[in-house]
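A.B. asks: Its first residue numbered 1, the sequence shown is counted upward by one per residue in full-length UniProt numbering.
The beta-carbon is built from N, C-alpha and C at its ideal position, and this holds for glycine as well.
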Amino acid sequence: MAEFTMELNDEQKEVRDWLHGFAADVIRPAAAEWDEREETPWPVIQEAAKVGIYSLDFYAQQYFDPTGLGIPMAMEELFWGDAGIALSIVGTGLAAVGVLANGTDEQIGTWIPQMYGDANDVKVAAFCSSEPDAGSDVASMRTRAVYDEAKDEWVLNGTKTWATNGGIANVHVVVAVVDPELGSKGHASFIVPPNTPGLSQGQKFKKHGIRASHTAEVVLDDVRVPGSCLLGGKEKLDERLARARERARSGGERVKNAAMATFEASRPAVGAMAVGTARAAYEEALEYARTRVQFGRPIIDNQGVAFQLADMRTSIDAARLLVWRASWMAVNGKPFTAAEGSMSKLFASETAKKVTAQAVQILGGNGFTREYPVERMHRDAAIYTIFEGTSEIQRLVIARTLAGMPIR
Ligand SMILES: Cc1cc2nc3c(=O)[nH]c(=O)nc-3n(C[C@H](O)[C@H](O)[C@H](O)COP(=O)(O)OP(=O)(O)OC[C@H]3O[C@@H](n4cnc5c(N)ncnc54)[C@H](O)[C@@H]3O)c2cc1C
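Right under this line is the structure:
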């Protein structure tokens, strides 16, 4: 097990500086344009692919970094550049991790390369879990997967919503109900290969923030996928369902706790994205406060402004520490006895919302215009308290964990 450290090693510092350079030179200058266009920034993704940032190798290297700091450090830098573009770059990674975590070696080898494509022909992937009536309440998911034994095919029907890259993805990973009696333990994940008949994009959402990231409904109408597209395979699914049925009969608590552990491990990454956006807005505000002169002195000379900046910086550093701790715990298999993953996501996302609002305030009228990036950062920050579990759900998870209650 790696010791917890707050110091990046030399190799990590090198990667961080490289990512920061890409964020500053390629992502940030493109941010306003793609925010206005509200389209996937394909040329930027292509640039990221050329230098090796948009690739499974890079993502896996950070994911398996034993210190746990690889992913948070990478997310912070990319999202410092711009949240919408960064989500377009890392969105595929979120789907790929679903395959890495649950897929067989053959599935990993077949599908992950097709999720990324190559630098000359980049592709993206989507992870489709949320539904119109199943957001926070994942267990009420309705999309159904039924096995057609005669053809060794699964038939998927339902509507997914809010899917990042939904409909434009080369490969969709779809979560569906295989046993409605088991709640979220009766779910399984499926690969929907490129150009599969029956999968179509529904509404594309016009959003408040992260507008360079494509978000849409995905409609599944008698989508047939080969048996080999069930992640992990049929045998493993049957064993898992049998275990879940047995556990449900004997109380069910362990089943729910196992599901919680998975979410706890992925939440710090979203916290790190929020830290990136918050830091970007704070830096803009600090620079502005130093240079903007009113009443004959820089506005930072007013305690009312300087104290805001002090609070902003303190919250950002505190958020980063919570994120790094949770990420280190996840990578080193430490149990989340106080829902530390949820804590990190809750605190970092609320910090991003607050800090970006303070940054707008410090820039005054300029902060309210699209001439200055804090306006966009403020809109972007609103997503962090919503996706991957809202702040209310994080509080619910933390409170129930502290109370020793099962997570519903
Ligand atoms: C831009 C964007 C990208 C996304 N990307 C993806 C993606 O790639 N894949 C995917 O599957 N999903 C994705 N999502 C979906 C996201 O995870 C959900 O929006 C989120 O889980 C909340 O679900 P909901 O929107 O249905 O809100 P609801 O669950 O309807 O919640 C509405 C409000 O009620 C509150 N609430 C609900 N239940 C409780 C409770 N028990 N106690 C207290 N308060 C409660 C919530 O906190 C929230 O404030 C994305 C969403 C957005 C906006």
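Alpha carbon to alpha carbon, how far is Gln294 from Ala310?
C.D. replies: Position 294 of the sequence shown, counted from the first residue, corresponds to residue 294. Position 310 of the sequence shown, counted from the first residue, corresponds to residue 310. About 20 Å.
A.B. asks: My parser needs the alpha helix (DSSP H) runs of 4 or more residues fully inside the segment 345-378; what are they?
C.D. replies: 364-367
A.B. asks: Tell me the DSSP bridge mates of Leu156?
C.D. replies: Counting from 1 along the sequence shown, the entry for residue 156 is found at position 156. The partner list for Leu156 (beta bridge, DSSP) reads Ala145 and Val223.
A.B. asks: If you measure from the CB of Ser213, is any heavy atom of ligand 1 nearer than 8 Å?
C.D. replies: The count along the sequence shown starts at 1 and reaches residue 213 at position 213. True, at least one ligand heavy atom lies under 8 Å from that Cβ.
A.B. asks: Taking the beta carbon of Glu33 as the centre, do at least 16 other beta carbons fall within 10 Å, making it buried, or is it exposed?
C.D. replies: As a position in the sequence shown, residue 33 is number 33, starting the count at 1. Classification for Glu33: exposed.
A.B. asks: Output needed for Thr385: all residues of its chain with C-beta closer than 7 Å, excluding positions within five of it in sequence on either side, in chain order.
C.D. replies: Translated into positions along the sequence shown, residue 385 becomes position 385. Same-chain partners within the cutoff: Ser349, Glu350, Lys353 and Ser391.
A.B. asks: Take Glu340 as the anchor and find which of Ile398, Thr356 and Asp221 has the nearest alpha-carbon.
C.D. replies: Stepping through the sequence shown from its first residue, residue 340 is reached at position 340. Checking every option, the nearest Cα to that of Glu340 belongs to Ile398.
A.B. asks: Is Ile168 near ligand 1, judged by its Cβ being under 8 Å from some heavy atom?
C.D. replies: In the sequence shown, residue 168 corresponds to position 168, counting from 1. Ile168: no, Cβ never under 8 Å from ligand 1.
A.B. asks: Here's the rule: buried if 16 or more other CB atoms are within 10 angstroms of the residue's CB, otherwise exposed. What is Lys13?
C.D. replies: Against the sequence shown, residue 13 aligns to sequence position 13. Label assigned to Lys13: exposed.
A.B. asks: Evaluate Arg325 with the Cβ neighbour count: other Cβ atoms within 10 Å of its Cβ, from every protein chain shown; 16 or more gives buried, anything less gives exposed.
C.D. replies: Residue 325 sits at position 325 when you count from the first residue of the sequence shown. Classification of Arg325: buried, given that the 10 Å Cβ count is 16 or more.
A.B. asks: Considering only their Cβ atoms, is the gap separating Trp80 from Arg279 smaller than 9 Å?
C.D. replies: If you number the sequence shown from 1, residue 279 lands on position 279. If you number the sequence shown from 1, residue 80 lands on position 80. Yes. Within cutoff.
A.B. asks: Please name the residue, chosen from Val97, Val124 and Gln361, that lies closest to Val171 on a Cα-to-Cα basis.
C.D. replies: As a working mapping, residue 171 is identified with position 171 in the sequence shown. Considering only alpha carbons, the answer is Val124.
A.B. asks: Verify the contact flag: Trp154, CB atom, against every heavy atom of ligand 1, threshold strictly below 8 Å.
C.D. replies: As a first step, residue 154 must be located in the sequence shown, where it is residue number 154. The answer is no for Trp154.
A.B. asks: For Lys204, list the residues DSSP reports as bridge partners.
C.D. replies: Residue 204 sits at position 204 when you count from the first residue of the sequence shown. Answer is Ala216, bridged to Lys204.
A.B. asks: Indicate whether Ile191 and Trp111 have their beta-carbon atoms separated by less than 9 Å.
C.D. replies: One-based indexing of the sequence shown puts residue 191 at position 191. One-based indexing of the sequence shown puts residue 111 at position 111. Yes, the Cβ-Cβ distance between Ile191 and Trp111 is below 9 Å.
A.B. asks: Are there three or more Cβ pairs, one per stretch, closer than 8 Å when the segment 116-130 is compared with the segment 200-213?
C.D. replies: no
A.B. asks: Compute the minimum distance between the beta carbon of Glu388 and the heavy atoms of ligand 1, and state whether it is under 8 Å.
C.D. replies: Along the sequence shown, one-based indexing puts residue 388 at 388. Within the cutoff, so yes.
A.B. asks: Would the beta-carbon of Thr215 fall within 9 Å of that of Thr159?
C.D. replies: Counting from one through the sequence shown, the residue named residue 215 turns up at place 215. Counting from one through the sequence shown, the residue named residue 159 turns up at place 159. The answer is no: Cβ separation not under 9 Å.
A.B. asks: Does the beta-carbon of Val15 have 16 or more other beta-carbons within 10 angstroms, so that it is buried, or is it exposed?
C.D. replies: Residue 15 sits at position 15 when you count from the first residue of the sequence shown. Per the 10 Å Cβ criterion, buried.
A.B. asks: Just reading off the alpha helix (DSSP H) that Ala326 is part of, what are its end residues?
C.D. replies: Within the sequence shown, residue 326 is the residue found at index 326, counting from 1. Secondary structure note for Ala326: its alpha helix (DSSP H) is the uninterrupted segment Gln303 to Val331.
A.B. asks: Hey, would you say the C-beta of Val204 is under 8 Å away from at least one heavy atom of ligand 1?
C.D. replies: Here residue 204 refers to the residue found at position 204 of the sequence shown. For the record, residue 204 in the displayed sequence is Lys; it is not Val. No, ligand 1 has no heavy atom inside 8 Å of this Cβ.
A.B. asks: Alpha carbon to alpha carbon, what distance is there between Ala330 and Met1?
C.D. replies: Taking the first residue of the sequence shown as 1, we reach residue 1 at position 1. Taking the first residue of the sequence shown as 1, we reach residue 330 at position 330. If I take the Cα positions, the gap works out to 11 Å.
A.B. asks: Beta carbon of Ile316, beta carbon of Val355: below 9 Å?
C.D. replies: Here residue 316 corresponds to residue number 316 of the sequence shown, with the count starting at 1. Here residue 355 corresponds to residue number 355 of the sequence shown, with the count starting at 1. Cβ atoms of Ile316 and Val355: closer than 9 Å.
A.B. asks: Distance check for Ala83 and Thr277, CA to CA, integer angstroms please.
C.D. replies: Looking up residue 277 in the sequence shown gives position 277. Looking up residue 83 in the sequence shown gives position 83. Answer to the nearest angstrom: the Cα atoms are 7 Å apart.
A.B. asks: Closest to Ala145 by CA distance: which of Asn157, Lys151, Asp152 and Ala134 is it?
C.D. replies: As a working note, residue 145 is residue 145 in the sequence shown. The shortest C-alpha separation from Ala145 is found at Asn157.
A.B. asks: Could you tell me the alpha carbon to alpha carbon distance between Arg240 and Phe58, rounded to whole angstroms?
C.D. replies: Residue numbering aside, residue 240 sits at position 240 when the sequence shown is read from its first letter. Residue numbering aside, residue 58 sits at position 58 when the sequence shown is read from its first letter. If you take the alpha carbons of Arg240 and Phe58, they lie about 31 Å apart.
A.B. asks: Please classify Thr104: does DSSP put it in a helix, a strand, or coil?
C.D. replies: Locating residue 104 in the sequence shown gives position 104, where the first residue counts as 1. Coil, per DSSP.
A.B. asks: Give a single yes or no on whether Phe64 has its beta carbon closer than 8 Å to a heavy atom of ligand 1.
C.D. replies: Position 64 of the sequence shown, counted from the first residue, corresponds to residue 64. No - ligand 1 has no heavy atom lying nearer than 8 Å to the Cβ of Phe64.
A.B. asks: Please identify the residue among Glu3, Phe4 and Ala31 whose C-alpha is closest to the C-alpha of Met377.
C.D. replies: In the sequence shown, residue 377 corresponds to position 377, counting from 1. It is Ala31 whose Cα lies nearest to the Cα of Met377.
A.B. asks: Using DSSP with H/G/I as helix, E/B as strand and the rest coil, what is Gly117?
C.D. replies: Within the sequence shown, the letter at position 117 stands for residue 117. Correct three-state label for Gly117: strand.
A.B. asks: For Asn102, is the classification buried or exposed, using 16 other Cβ atoms within 10 angstroms of its Cβ as the cut-off for buried?
C.D. replies: Residue numbering aside, residue 102 sits at position 102 when the sequence shown is read from its first letter. Label assigned to Asn102: buried.
A.B. asks: Could you check the C-alpha separation between Glu39 and Ala212 for me, to the nearest Å?
C.D. replies: Here residue 39 is taken as the residue at index 39 of the sequence shown, counted from 1. Here residue 212 is taken as the residue at index 212 of the sequence shown, counted from 1. Computed Cα separation, rounded: 5 Å.
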